[in-house]
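Chains as they are written, first to last, in the working numbering: chain A, 13 to 294; chain B, 13 to 294.
Written out as structure tokens, the structure reads:
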């Protein structure tokens with residue numbers, strides 16, 4: 013199938029990327045889509061280091077704007093999570109121009125702060141899904157290949173399987189969503205299927221953040237919640253007594269939010285793509 | 013100085029208490045205030061265990077209500093933090109009667125969820141300060157003695173020293189406050205000096221929660237923020253590059269909130285008492 017040659021720009025809104033990741037991702041893209049991807053450009057900012065961050069707030073904001081506002085680039089692919097997107101998201105979004113709206117934005121975890129703010133600003137090309145740094149996971153090439161299949165050809169098999177024509181969807185990491193509620197980054201999620209996933213958090217913290225999320229009046233207007241995978245949960249002392257699905261069901265019941273079952277997302281190689289908003293028509 | 017013999021009731025809104033703590037605290041009170049404290053009653057709920065919690069949500073709610081609604085008891089002293097107060101706070105506060113308003117409530121950490129909801133409900137006898145479980149800390153007898161001196165005689169030297177006649181104050185743990193913003197427990201803190209402390213959180217999480225807190229429109233109406241101690245911060249990989257005061261100053265500057273300096277509170281034996289609201293007149 014002939015098609016447009018895609019140009020993809022990568023920046024790191026939080027923590028820096030290992031240069032090996034860039035080489036591996038470019039090699040995989042060349043193998044999978046030699047005739048469909050013109051370039052995956054890792055912005056030099058990806059490899060900067062400033063304390064915890066991939067460059068200071070201004071450097072991360074400027075790299076984001078350089079890619080997002082470039083009319084020649086088709087997709088902005090967040091390179092890695094970690095932490096830091098919330099520190100520059102508001103300033104970054106304030107600097108966007110018209111060219112930024114005609115573009116796909118793909119990432120998850122910490123990058124959810126930017127996806128949230130972009131969704132609030134009315135952007136339509138947003139998706140929660142694998143990032144370049146996932147290539148370092150066990151089986152990570154499948155995750156990165158899935159992201160590429162979404163970016164290049166909107167492959168249906170890349171999509172989270174519960175997505176339906178009925179309702180708009182979004183997906184977030186639990187902590188990231190919790191920490192942006194009430195801030196200028198919070199989008200209106202009324203009527204949405206909200207998919208939530210977590211990694212490396214104690215069960216009591218998952219419970220506490222779900223209290224926070226499900227007690228929020230805006231969140232109580234969602235169509236329902238689907239629970240993605242909660243992985244690498246450190247052992248609770250004593251045992252928490254409930255697993256993540258019991259905890260989620262508890263808070264859905266307490267808040268009157270519908271629990272819709274599980275979602276095929278998480279911090280792992282199986283992480284499927286969730287486009288934000290109403291499902292695309294075929 | 014003769015005075016009323018005080019009756020103090022203790023319950024555990026989150027995690028359970030070691031029975032040894034009760035014995036040690038009662039012995040200390042007997043030594044310090046033999047003529048001023050009639051009884052420190054540890055509710056049997058303090059020693060229950062239900063997974064993570066000191067009894068299930070209903071048991072913790074009921075113990076809270078039994079003490080709070082008892083006109084014969086002068087003070088409800090939260091026994092320990094941990095986690096769990098937010099799970100029962102709304103139901104607990106809904107069950108309070110008139111007798112509950114004429115009472116002192118003292119605690120901190122996880123108990124902040126209840127203090128917040130009680131403050132929202134117009135209670136005037138609330139204070140952030142040491143709890144019985146602090147007796148197990150190094151130097152903990154001083155912390156518990158300070159709490160008793162506040163409960164028994166409102167000792168001025170028990171109070172956080174920056175408290176002034178000028179402005180009402182409140183104090184919270186950073187994570188606890190973050191996780192109750194936007195929920196039915198959130199009080200109006202407009203015009204207040206907000207004191208914040210933290211323990212055992214990575215610096216990047218402190219940074220993220222301060223983004224959340226200082227971006228909240230209600231919090232932006234405080235008179236200013238004072239930073240208590242942030243202790244037992246796990247090492248960040250790589251080094252975060254900023255300490256807690258730099259992080260707090262960053263977010264105060266970004267949000268337009270006044271940074272007022274440090275507060276003498278924290279998860280330690282030096283933790284001073286912060287009565288909620290306007291300072292008491294002498």
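C-beta: ideal position from N, C-alpha, C; glycine also.
Inset, instruction - Please list, in chain order, all residues of the same chain as residue 53 of chain B whose beta carbon is under 6 Å from its beta carbon, the five residues on each side excluded. - result: The residues 21, in chain order, have a CB closer than 6 Å to that of residue 53 of chain B in the same chain once the five nearest residues on each side in sequence are set aside.
Legend entry - Spatial distance of residue 220 of chain B from residue 122 of chain A (CA atoms): Within the model, the alpha-carbon separation for residue 220 of chain B versus residue 122 of chain A is close to 10 Å.
Legend entry - CB contact below 8 Å: residue 92 of chain B versus chain A: Chain A contact via Cβ: absent.
Legend entry - Closer than 8 Å to chain A by CB, residue 59 of chain B: Contact with chain A is absent for residue 59 of chain B, since none of that chain's Cβ atoms lies less than 8 Å from the residue's Cβ.
Inset, instruction - Give me the Cβ distance between residue 139 of chain B and residue 287 of chain B, rounded to the nearest whole Å; I'm assuming they're in contact under 8 Å. - result: About 5 Å; that satisfies the 8 Å criterion.
Inset, instruction - Return yes when the Cβ of residue 26 of chain B is within less than 8 Å of the Cβ of residue 120 of chain B, no when it is not. - result: Against a cut-off of 8 Å, the Cβ pair of residue 26 of chain B and residue 120 of chain B comes out as no contact.
Legend entry - Cβ of residue 228 of chain B within 8 Å of any chain A Cβ: Yes, residue 228 of chain B counts as interfacial toward chain A.
Inset, instruction - Could you tell me whether any Cβ in chain A is nearer than 8 Å to the Cβ of residue 206 of chain B? - result: Contacts with chain A at 8 Å (Cβ-Cβ) do not include residue 206 of chain B.
Legend entry - Cross-strand partners of residue 295 of chain A (DSSP beta bridge): Because chain A in this structure spans residues 13 to 294, residue 295 of chain A falls outside the shown range and cannot be described.
Legend entry - Neighbourhood of residue 60 of chain B by C-beta distance below 7 Å, restricted to the same chain and skipping five residues each side: Excluding sequence neighbours, residue 60 of chain B sits near 28, 66, 67, 71.
Inset, instruction - Please determine, among A/154, A/80, A/110, the residue with the shortest C-alpha to C-alpha distance to residue 44 of chain A. - result: The option with the nearest alpha carbon to residue 44 of chain A is A/154.
Legend entry - Cross-chain neighbours of residue 195 of chain B in chain A, by beta carbon under 8 Å: Here the neighbours are 223, 224, 227, 228.
Inset, instruction - Leaving aside the five residues before and after residue 69 of chain B along the sequence, list all residues of the same chain whose C-beta is less than 6 Å from its C-beta, in chain order. - result: Here residue 69 of chain B has 99, 100 as same chain residues with Cβ atoms under 6 Å from its own Cβ, once five neighbours each way along the sequence are excluded.
Inset, instruction - Give the C-beta separation of residue 192 of chain A and residue 198 of chain A to the nearest angstrom, bearing in mind that I take them to be a contact with Cβ-Cβ under 8 Å. - result: Cβ-Cβ separation between residue 192 of chain A and residue 198 of chain A: approximately 6 Å, consistent with a contact (criterion under 8 Å).
Inset, instruction - Just grab the DSSP bridge partners of residue 185 of chain A for me. - result: Beta-bridge analysis with DSSP links residue 185 of chain A to A/209.
Inset, instruction - Go ahead and label residue 92 of chain A buried or exposed: buried means 16 or more other beta carbons lie within 10 angstroms of its beta carbon, across all protein chains shown. - result: Burial call: buried.
Legend entry - alpha helix (DSSP H) segment containing residue 117 of chain A, residue limits: For residue 117 of chain A, there is no enclosing alpha helix (DSSP H); the residue is found in the beta strand (DSSP E) stretching over 116-119.
Inset, instruction - Note down the Cα distance separating residue 64 of chain A from residue 252 of chain B, rounded to an integer number of angstroms. - result: Going by C-alpha positions, residue 64 of chain A is about 5 Å away from residue 252 of chain B.
Inset, instruction - Have a look at B/136, B/81, B/102 and flag the residue whose alpha-carbon is nearest the alpha-carbon of residue 182 of chain B. - result: Residue 182 of chain B has its Cα closest to that of B/136, out of B/136, B/81, B/102.
Legend entry - residue 251 of chain B at chain A interface by Cβ criterion, 8 Å: So, interface residue.
Inset, instruction - Return the chain-ordered list of same chain residues with a C-beta closer than 7 Å to the C-beta of residue 109 of chain A, the five sequence neighbours on each side being excluded. - result: Closer than 7 Å at the Cβ level, and outside the excluded window around residue 109 of chain A, lie 81.
Legend entry - Euclidean distance between Cα positions of residue 116 of chain A and residue 171 of chain A: Taking the straight line from one Cα to the other gives about 15 Å.
Inset, instruction - Report the three-state DSSP secondary structure of residue 100 of chain B (helix, strand or coil). - result: Assignment of residue 100 of chain B by DSSP, reduced to helix, strand and coil, places it in the helix class.
Inset, instruction - Could you tell me which of A/254, A/256, A/215, A/280 sits nearest to residue 145 of chain A, measuring between CA atoms? - result: The residue among A/254, A/256, A/215, A/280 with its C-alpha nearest the C-alpha of residue 145 of chain A is A/280.
Legend entry - Reduced DSSP secondary structure (H/G/I, E/B, other) of residue 24 of chain B: Looking at residue 24 of chain B - three-state DSSP - the assignment turns out to be coil, as it is neither helix nor strand.
Legend entry - Chain-ordered chain B contacts of residue 121 of chain A [CB-CB under 9 Å]: Listed by position along chain B, the residues whose Cβ is nearer than 9 Å to that of residue 121 of chain A form an empty set, because the closest Cβ is around 12 Å away.
Inset, instruction - Select from A/270, A/49, A/271 the residue whose C-alpha is nearest the C-alpha of residue 86 of chain A. - result: Checked all of A/270, A/49, A/271; the closest Cα to residue 86 of chain A is A/49.
Inset, instruction - Write down the C-beta distance between residue 235 of chain A and residue 203 of chain A rounded to the nearest angstrom, noting that I regard them as a contact closer than 8 Å. - result: About 5 Å; that satisfies the 8 Å criterion.
Inset, instruction - Output, in chain order, the set of chain A residues within a Cβ distance shorter than 7 Å of residue 98 of chain B. - result: What residue 98 of chain B touches in chain A: 220, 223.
Legend entry - Proximal residues to residue 13 of chain B (C-beta, below 7 Å), its chain only, five neighbours per side dropped: Here the model assigns residue 13 of chain B a pLDDT of 44, short of 50, so the residue's position is not dependable, and the following value carries that caveat. Same-chain partners within the cutoff: there are none.
Inset, instruction - With DSSP as the reference, label residue 288 of chain B as helix, strand or coil. - result: In this structure, DSSP gives residue 288 of chain B a state outside helix and strand, which the three-state scheme calls coil.
Legend entry - Listed by chain order, chain A residues near residue 254 of chain B by CB distance under 8 Å: What residue 254 of chain B touches in chain A, judged by beta-carbon distance under 8 Å, is 63, going in chain order.
Inset, instruction - Taking the CB atoms as reference points, tell me whether residue 259 of chain B and residue 187 of chain B lie closer together than 8 Å. - result: Contact check for residue 259 of chain B against residue 187 of chain B fails: the beta carbons are separated by 8 Å or more.
Inset, instruction - Output the distance between the C-alpha atoms of residue 125 of chain A and residue 189 of chain A, rounded to the nearest integer angstrom. - result: Rounded to the nearest angstrom, the two C-alpha atoms are 7 Å apart.
Inset, instruction - Report back the beta-carbon spacing between residue 209 of chain B and residue 218 of chain B to the nearest angstrom; my notes put them in contact at under 8 Å. - result: So it is not a contact: roughly 10 Å between Cβ atoms.
Legend entry - Cross-chain neighbours of residue 190 of chain A in chain B, by beta carbon under 9 Å: Ordered by position in chain B, the residues that pass the 9 Å Cβ test against residue 190 of chain A are 190, 191, 224.
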